[in-house]
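Residue numbers (our numbering), protein chains in the order written: chain S, 8 to 398; chain P, 74 to 522. Ideal placement from N, C-alpha and C gives every residue a C-beta, glycine not left out.
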């Protein structure tokens, strides 16, 4: 199979943040110090792909998504070429390649467009929601009379469907890239006796890696190991992730079981779940922003605009949500909650739109890459005694 | 304290191979030279080495005659255990104030018989053996030291007096103090040498805490005929290593240590040591982990090819980490760049860090000689007169100017001597009265007075 050489690949990736990567002389120190390399080999090979213009091999590398950026490679790099930052930039590049609209590319490479698009989207959604307002009651706080819940639900579902569709396209493009790079037919290993491998890999991905943060916990840099557990990077990520899952669950429970607009006490199970999840989310995002601001840890020394955007967006959603909750339970009625509701829902919608277009998409691409990696491992172990039948 | 004063044509600072060569080359032309060496013996780093590349000649056999020649040359005034303290311009010459540190031994009486050493009860890590074995608090620095005179480490001395009783010539003198010395020199050659990367420089390589991770100079001692064990044994348990690994660029081409340059000698000394090890331990596996093999000199590439043909394993990989197992066997973690590339952890009995060359001495405060970005002496005209510095009359040679091997150091020392001689000729006001160049120091004093 031939390899297409893209001579502008390196300069293109540099637009995504890997500013020092030309200094790399491919010694392999980064791969050897990486706490996660064993079955997989990165970042050196990824950098080599970029340097020689092997675009298909790069965007088809699931290894990009196996890196959690602890920063050990950047710290010990003899050329100080920032391989960790390269991996982040290459992930951005790959993500933009999986996005068929080209919006992700523009957002990653043009900082002001990134900010502007989000401001415009939030404003648009706010105006859209305001158009459905049913008038404000000042003697009591009746949020869902002001903004009919059905409007939020229907527009939310429509938006979710569009985003899910875009995400599916992204998943398909990523899978095809990985299969192409590995010179494998896409569905070859999904059939027949290998069904077990499929299940095992999915189980390992979801249970060990996504929920258990196994590799994330192992991928700890020196500085992180000296911190208490609640300040470590993996824990921070876990709080944000479980906060998200919890809030998603609370919303779903509300949608399924709670009458529209009904007032519930704080200890109502879905509300309690939502509150606790919100606390986790706020803890994680606030801490993450502080660490990015302080720039002391190697992995947070360089923050791309897309890193900030996602954090700020999630934090704003969490913060406005909490203000709403305070308003809902305060006496006398806090009428400032009406505009806040519009803002909160508009922010959530913007976050949803950002799912396939920003760093947020890692919630899909990363588990998918881990799954492919695990499946490769499981299969290679199981096929050795049977001989190389598939090749 | 009596102050000695000496007029010479040139002062050479540093008694390693470059300093010795520059001194000899100047002295042989008839110039009077003062050679000042900080350590109790001349010989520098070279006298501690086992063999030289690419000829595998015995290092002692090359260095010792030079050391003797320096010590016995009628035009060379040798000052060991002496440091330059201040320096002042003196109308076309320099007044160099030195301090000779007390040896607590009368060098005029000491015969180097070592009776004091046998009597001394104190054992200290021997720096000449790179800390692999011990020496006494009073000792002759090493077997081929020049001068062959004892020196007492007063900081660790108990003042028990055993050496004083043992000395057959009553040379021990506990009352000695520092001796001031003024040298008036018209030219100066800096041959202040280098240091190696500290073994604890890299946390990834165990920060010096792994006992079976040694550096290149330690291996030189293990291989040398005058070494600590007279055999290659690893430090932790004295086991004969069956598997030895070299970690190249352990301190060179590494910006995390602020060293972006190549130290030039490490590839060759690692290959040389690997060859010597093949002789010393014929059954041992020897691996060299390298980023690039740089064998630039005459006969060097053939040397490398010979090593490959001998079965020494060369692995293109930068070692990322070194750890150790419960038996203190070092484990190196490398990326093997074959096929899809993979990470391997390989266990060895002994790991040698091919440490790089670092500047040893900052000449700016005393000599006003600028240093380059890498910390080594900066040449004023690097392409046409490498030994010349920005300071008139001050020249530099050898590894004080940057990483180089023995051959290049000797060549540059010769060049520095030639530059210094030319300078002396140009600036010699009373050149005619110097005719003959073999006049004694007394006469010279008279001429200048």
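Expected contact under 8 Å - CB spacing of residue i and residue j to nearest Å
i              : j              : result
residue 414(P) : residue 320(P) : No, residue 414(P) and residue 320(P) are not in contact; Cβ-Cβ is about 19 Å, not under 8 Å.
residue 55(S)  : residue 33(S)  : 6 Å
residue 105(P) : residue 81(P)  : 4 Å
residue 77(S)  : residue 227(S) : 6 Å
residue 235(P) : residue 171(P) : With 8 Å as the limit, residue 235(P) and residue 171(P) do not qualify as a contact, their Cβ atoms being about 32 Å apart.
residue 287(P) : residue 308(P) : 7 Å
residue 324(P) : residue 270(P) : 3 Å
Any C-beta of chain S under 8 Å from that of residue i
i              : result
residue 509(P) : The predicted position of residue 509(P) is uncertain, since its pLDDT is 38 and thus under 50; a value taken from the coordinates is nonetheless stated next. Chain S contact via Cβ: absent.
residue 416(P) : yes
residue 147(P) : no
residue 413(P) : yes
residue 430(P) : no
residue 407(P) : yes
residue 390(P) : yes
residue 394(P) : yes
residue 326(P) : yes
residue 33(P)  : The question about residue 33(P) has no answer, for chain P in this structure spans 74 to 522.
residue 299(P) : no
Where residue i sits in the DSSP three-state scheme
i              : result
residue 392(S) : Note that residue 392(S) scores a pLDDT of 33, beneath 50, so its modelled location is shaky; the value from the coordinates is reported in the next line. Coil at residue 392(S), not helix or strand.
residue 481(P) : helix
residue 26(S)  : coil
residue 245(P) : strand
residue 140(P) : helix
residue 303(P) : coil
residue 43(S)  : coil
residue 257(P) : strand
residue 38(S)  : helix
residue 421(P) : coil
residue 495(P) : helix
residue 239(S) : coil
residue 158(P) : strand
residue 10(S)  : coil
residue 31(P)  : The structure shown has nothing for residue 31(P), since chain P only spans 74 to 522.
residue 84(P)  : strand
residue 106(P) : strand
residue 198(P) : strand
Nearest neighbour of residue i, chosen from the options [CA to CA]
i              : options                           : result
residue 285(S) : 181(S), 329(S) and 333(S)         : 329(S)
residue 356(P) : 484(P), 313(P) and 109(P)         : 313(P)
residue 488(P) : 238(P), 160(P), 264(P) and 175(P) : 264(P)
residue 70(S)  : 288(S), 101(S) and 309(S)         : 101(S)
residue 332(P) : 322(P), 340(P) and 341(P)         : 322(P)
residue 126(P) : 262(P), 492(P), 477(P) and 485(P) : 477(P)
residue 363(P) : 213(P), 406(P) and 100(P)         : 406(P)
residue 14(S)  : 27(S), 38(S), 49(S) and 61(S)     : 61(S)
residue 131(S) : 109(S), 114(S), 364(S) and 360(S) : 360(S)
residue 162(S) : 362(S), 381(S), 123(S) and 356(S) : 356(S)
residue 350(S) : 87(S), 150(S), 39(S) and 38(S)    : 150(S)
residue 90(S)  : 136(S), 212(S), 26(S) and 183(S)  : 26(S)
residue 325(S) : 337(S), 152(S), 287(S) and 310(S) : 287(S)
residue 124(S) : 216(S), 300(S), 10(S) and 354(S)  : 354(S)
residue 160(S) : 144(S), 136(S) and 177(S)         : 136(S)
Proximity test, Cβ basis, 8 Å: residue i and chain P
i              : result
residue 39(S)  : yes
residue 34(S)  : yes
residue 303(S) : no
residue 87(S)  : yes
residue 383(S) : no
residue 18(S)  : no
residue 48(S)  : yes
residue 45(S)  : yes
Test item: CB-CB of residue i and residue j under 8 Å
i              : j              : result
residue 58(S)  : residue 116(S) : no
residue 279(P) : residue 395(P) : yes
residue 24(S)  : residue 95(S)  : yes
residue 349(P) : residue 291(P) : no
residue 225(P) : residue 208(P) : no
residue 292(S) : residue 321(S) : yes
residue 73(S)  : residue 47(S)  : yes
residue 365(S) : residue 114(S) : yes
residue 372(P) : residue 90(P)  : no
residue 445(P) : residue 451(P) : yes
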